[in-house]
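Position 205, counted from 1, in the sequence shown is what the working numbering calls 955; the numbers after and before it change by one each time, with no gaps. These notes concern the structure reproduced below.
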Amino acid sequence: MKFTPETYKIPDVPMQSFIDTDEIWDYINNTVSTPQRVKEVVEKSLAKNRLNLEEVAVLINAGDAESIEIIKNGARELKKKVYGNRIVLFAPLYVGNKCSNNCTYCGFRASNTEAVRKTLSDDELVKEIEALEDNGQKRLILVYGEHAQYSPEYIAETVKAAYSVKKGHGEIRRVNINAAPLDIEGFRTVKEAGIGTYQVFQETYHREAYKTYHLRGKKADYDYRLTSLDRAQEAGLDDVGIGALFGLYDWRFEVMGLVRHTNHLEACYNVGPHTISFPRVKDASMLQLGDKYFVSDGDFARLVAILRLAVPYTGMILTAREPEKLRNELIQYGVSQIDGGTKIELGAYTEKTAAAGEHDLRRGQFRINDDRSLNQIIDELLRQDMLPSFCTSCYRLGRTGEHFMEFSVPGFIKRYCTPNAMLTLAEYLVDYAPEETAEKGWEVIEKNMPELNQKVQNQVREKIEKIKQGERDLYF
Ligand code: SAM
Ligand code: SF4
């Protein structure tokens, strides 16, 4: 895969800031975009090349209907051709919402006196994980506020607890983290606990805007946050996730920032981010945020498609912050992971009382807009002939950089990803699915069989038989 490097005003040096605000605005303000140029850039991406900032600016500046269609169709084609029709499923688990920062957009901020503060006890943590396993979850992301109590050692303990809880056939096979940035020693500690991806979102890449949202606490230090994932890399943790919170500043700038961050990690560590997240700001307890930078659904779809084309090898995450209809649409443009059965109020997976759609904002970080159960999400994916996957095999076999391999190693998806998606779906169908979902699920597995060569088909069928006999965790 080729990347045409550019010379940046601030060169890429490990552990040093790399965002030059004026330079990013120069790209946005001075790059001309025509449908012809858009076509060329999209073709470059479809030929499996990374886009540089100038090329991303061409896509960002494409405002006419024809160009937007070219971009969306390009993202759709890339997704279909390169990744097939799998979607990986996960669930967030909020462990504690104490926070010493004061991010103005967040329900957990220290000054929010309405917030009901809670940290799960050991027993509550186990119960939450059991409840998640009972639903069929295999992949979690643990989420924490930034607080002295949530030290690297504490995070490591909760991760180990998540891996150790087994109920029936249930087990958690991958634990990702979204927590405050750590120092190098701290990243080492959580790596040793066996975490998957460590996510830190920059929130906004615009230094001045960043200041206005983060007036106090450790998070006020823009550069410390920007270099978080450099420290992770220095600690040997190369599985990192970046993100921007859309709605804090101009979306065009944030897209450029995310790509610049990717370029930085590639230049310094020879490995890009494992995942990119693009949350949009949602309602939160006592939220007072203007709508100056509100991102419309139309622009949101555009920016997702642009990110897909700009960094074709990276996983893209879309959460239950967004409503069902929009999620269904955006999946087409290259999203590879979604959460299902999501509850973000502390301790809510164990509660049976709250009806779907009922949220107590004082207990959660923000309002989610997709309340479907995991099974409802799986039903919908199957209805669209997509293959829901709980696969964790690459990471457990040490095949790191699997998105990169999916993207660049011929036959990788047919050899590993599709078979593993089928096997993890088969486990779900046997252990957790209602009859109707199971019927549809087996059909979709059959429909995908011809994609595989005869030898792999035989191996998959053999393994599915073993799953039906009670064996678990079979993968390629
Ligand atoms: N406390 C850690 C930190 O700030 O890095 C963990 C992150 S926080 C629990 C997870 C992410 O939620 C934040 O990085 C932010 O992007 C996002 N977030 C915060 N407030 C939000 C809101 N009102 N709507 C949508 N997302 C929000
Ligand atoms: Fe705390 Fe994170 Fe919320 Fe900021 S975004 S207030 S650091 S939990």
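Ideal placement from N, C-alpha and C gives every residue a C-beta, glycine not left out. On a predicted model such as this, the values are computed, not experimentally measured, just so you know.
Contact set, the ligand SF4 heavy atom to C-beta under 6 Å: Cys849, Asn851, Cys853, Cys856, Phe858, Arg859, Gly895, Glu896 and Lys969
Phe1226 to Asn1203 span [Cα, whole Å]: In the sequence shown, the residue the question calls residue 1226 occupies position 476. In the sequence shown, the residue the question calls residue 1203 occupies position 453. The alpha-carbon atoms of Phe1226 and Asn1203 are separated by roughly 14 Å.
Neighbourhood of His956 by C-beta distance below 7 Å, restricted to the same chain and skipping five residues each side: In the sequence shown, counting from the first residue as 1, residue 956 sits at position 206. Contacts found: Thr771, Tyr999 and Phe1003.
Proximal residues to Ala1183 (C-beta, below 7 Å), its chain only, five neighbours per side dropped: On the sequence shown, residue 1183 is found 433 positions in, with the first residue counted as 1. So the qualifying residues of the chain are Asn1125 and Gly1191.
Same chain only: Cβ atoms within 6 Å of Ile934, ignoring 5 sequence neighbours per side: If you number the sequence shown from 1, residue 934 lands on position 184. So the list reads Arg981, Glu984 and Ala985, once near-sequence residues are dropped.
Contiguous alpha helix (DSSP H) assignments of at least 4 residues, all confined to the region 947 to 1029: 957 to 963, 972 to 976, 978 to 984 and 1001 to 1019
Cβ separation of Lys968 and Glu903, assumed to be a contact under 8 Å, to the nearest whole Å: By 1-based counting over the sequence shown, the position of residue 968 is 218. By 1-based counting over the sequence shown, the position of residue 903 is 153. Going by Cβ atoms, the distance from Lys968 to Glu903 rounds to 18 Å, so no, they are not a contact pair.
The region 1132 to 1152 touching the region 910 to 926, judged by at least three CB pairs closer than 8 Å: yes
Continuous beta strand (DSSP E) assignments of at least 3 residues falling wholly in the region 1067 to 1105: 1087 to 1089
Distance cut-off 8 Å: Asn1119 Cβ against heavy atoms of the ligand SAM: Locating residue 1119 in the sequence shown gives position 369, where the first residue counts as 1. Not so, every heavy atom of the ligand SAM lies at least 8 Å from the Cβ.
DSSP bridge partner residues for Phe840 (one or two, in chain order): Counting from one through the sequence shown, the residue named residue 840 turns up at place 90. DSSP output for Phe840 lists Asp1089 as bridge partner(s).
Terminal residues of the beta strand (DSSP E) in which Arg924 lies: Taking the first residue of the sequence shown as position 1, residue 924 is located at position 174. Segment Arg924 to Asn928, the beta strand (DSSP E) holding Arg924.
Touching by the beta-carbon criterion (3+ pairs, under 8 Å), the region 1058 to 1076 and the region 1017 to 1037: yes
Inter-residue CB distance, Ser817 and Ser783 (contact presumed, cutoff 8 Å): Looking up residue 817 in the sequence shown gives position 67. Looking up residue 783 in the sequence shown gives position 33. That belief holds up - the Cβ atoms of Ser817 and Ser783 are roughly 7 Å apart, short of 8 Å.
Cβ-Cβ separation, Val1031 to Tyr855 (assumed contact under 8 Å), whole Å: Counting from 1 along the sequence shown, the entry for residue 855 is found at position 105. Counting from 1 along the sequence shown, the entry for residue 1031 is found at position 281. With 8 Å as the limit, Tyr855 and Val1031 qualify as a contact, their Cβ atoms being about 5 Å apart.
Beta-carbon contacts of Lys909 that lie in its chain and below 6 Å, excluding the five residues immediately before and after: Translated into the one-based positions of the sequence shown, residue 909 becomes position 159. Looking at the sequence itself, residue 909 is Val, so the reference to Lys does not match. Same-chain partners within the cutoff: Val925, Ala943 and Ile945.
4-residue-minimum alpha helix (DSSP H) runs that sit fully inside the region 794 to 877, ordered along the chain: 803 to 810 and 815 to 828
Environment of Pro761 [buried if 16+ CB atoms lie within 10 Å]: The sequence position of residue 761 within the sequence shown is 11, counting from 1. Flag for Pro761 reads exposed.
Test item: CB-CB of Tyr913 and Ser1086 under 9 Å: One-based indexing of the sequence shown puts residue 913 at position 163. One-based indexing of the sequence shown puts residue 1086 at position 336. Not in contact: Tyr913 and Ser1086 (Cβ atoms no closer than 9 Å).
For Tyr758, three-class secondary structure by DSSP: Here residue 758 corresponds to residue number 8 of the sequence shown, with the count starting at 1. In this structure, Tyr758 counts as coil in the three-state DSSP scheme.
Secondary structure of Val792, DSSP reduced to three states: Counting from 1 along the sequence shown, the entry for residue 792 is found at position 42. DSSP places Val792 in helix when its eight states are reduced to three.
Heavy atom of the ligand SAM within 8 Å of Val806 beta-carbon: Within the sequence shown, residue 806 is the residue found at index 56, counting from 1. No, Cβ of Val806 sits at least 8 Å from all heavy atoms of the ligand SAM.
8 Å CB neighbourhood of Ile1214 in its chain, flanking five on each side removed: On the sequence shown, residue 1214 is found 464 positions in, with the first residue counted as 1. For Ile1214, where only same-chain residues beyond five positions count, the Cβ hits under 8 Å are Met1172, Leu1173, Ala1176 and Ile1195.
Cα-Cα separation, Leu1132 to Gly1091: Here residue 1132 is taken as the residue at index 382 of the sequence shown, counted from 1. Here residue 1091 is taken as the residue at index 341 of the sequence shown, counted from 1. If you take the alpha carbons of Leu1132 and Gly1091, they lie about 16 Å apart.
Residue interval of the alpha helix (DSSP H) (run including Ser1139): Here residue 1139 refers to the residue found at position 389 of the sequence shown. Premise fails: Ser1139 lies in the beta strand (DSSP E), Leu1137 to Ser1139, not in any alpha helix (DSSP H).
Beta-carbon gap between Met1155 and Arg1149 smaller than 9 Å: Position 405 of the sequence shown holds residue 1155. Position 399 of the sequence shown holds residue 1149. Against a cut-off of 9 Å, the Cβ pair of Arg1149 and Met1155 comes out as a contact.
Where Leu1057 falls: helix, strand or coil (DSSP): Translated into positions along the sequence shown, residue 1057 becomes position 307. Leu1057: helix per DSSP, three-state reduction.
Where Asn823 falls, given that 16 or more other Cβ within 10 Å makes a residue buried: Translated into the one-based positions of the sequence shown, residue 823 becomes position 73. Label assigned to Asn823: exposed.
Buried versus exposed, by CB contacts within 10 Å (16 or more), Ser1027: Counting from one through the sequence shown, the residue named residue 1027 turns up at place 277. It counts as buried.
Residues near His1014 by beta carbon distance below 7 Å, same chain, minus five either side: Looking up residue 1014 in the sequence shown gives position 264. Cβ within range, chain order: Asp762 and Phe768.
Limits of the unbroken alpha helix (DSSP H) element including Val893: Mapped onto the sequence shown, residue 893 falls at position 143. Counting along the chain, Val893 falls outside any alpha helix (DSSP H), though it belongs to the beta strand (DSSP E) covering Arg889 to Tyr894.
Val845 classed as buried or exposed, judged by whether at least 16 other C-beta atoms fall within 10 angstroms: Locating residue 845 in the sequence shown gives position 95, counting from the first residue. Result: buried.
Contact belief for Glu1072 with Asn1119 at Cβ below 8 Å, rounded distance in angstroms: On the sequence shown, position 322 is the one that residue 1072 refers to. On the sequence shown, position 369 is the one that residue 1119 refers to. Confirmed, about 6 Å.
As assigned by DSSP and simplified to three states, the class of Glu1212: For the purposes of this step, residue 1212 is taken as residue 462 along the sequence shown, with counting starting at 1. It is helical.
The ligand SAM heavy atom lying under 8 Å from the CB of Asn928: The residue given as residue 928 occupies position 178 in the sequence shown. Yes.
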